[in-house]
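Trainee:
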Amino acid sequence: MTDAEQIRRVRDELAALEEPAESPDGLVEVTVGAQGQLRSLWLDPRVYRNQDAAALAEDIVEAVREAAESAEARALAIAEPVLAPGDTDPFLGPALAELGRLTQQEA
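Numbering of the sequence shown is given in this note's numbering, commencing with residue 41 and proceeding in unit increments.
Next up, the structure:
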């Protein structure tokens with residue numbers, strides 16, 4: 041596999057990465073992308089039985105945080121083969137920019 045092909049594979053895997061998480065009671069489910077961006081939020085209708093908006097918000101934030109941490113670890117593992125030694129930017133911003141630049145050069 042050429043460097044360009046490997047970079048494209050990593051880019052495609054990162055773009056497709058989705059990491060789910062749910063609240064302890066299972067009433068909140070979220071999915072985030074490689075950089076922790078919220079892609080989906082599902083609320084069980086039973087959440088409306090309890091009118092505690094602050095608790096619901098806390099459950100959502102905690103589920104997103106959990107999913108984002110896991111997505112970050114998975115993204116780093118996916119990108120590791122094309123990263124420079126020691127390049128572990130937690131959000132892969134500089135690394136993704138470099139991957140994009142290299143992909144355009146090789147295309």
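The C-beta atom is built at its ideal place from N, Cα and C for all residues, glycine as well.
1. Using the Cα positions of Glu109 and Thr143, report the straight-line distance between them to the nearest angstrom.
2. Where Leu116 and Leu67 are concerned, what is the direct C-alpha to C-alpha distance, given to the nearest angstrom?
3. Check whether the region 54-66 touches the region 93-106, taking contact to mean three or more Cβ pairs, one atom from each stretch, closer than 8 Å.
4. How is the beta strand (DSSP E) around Leu83 delimited, first residue to last?
5. Reducing DSSP to helix, strand and coil, say where Glu112 ends up.
Mentor: In short:
1. 27 Å
2. Going by the C-alpha atoms only, they are around 29 Å apart.
3. Cβ pair count under 8 Å is three or more, so yes.
4. First-last of the beta strand (DSSP E) with Leu83: 78-83.
5. Per DSSP, reduced to three states, the secondary structure at Glu112 is helical.
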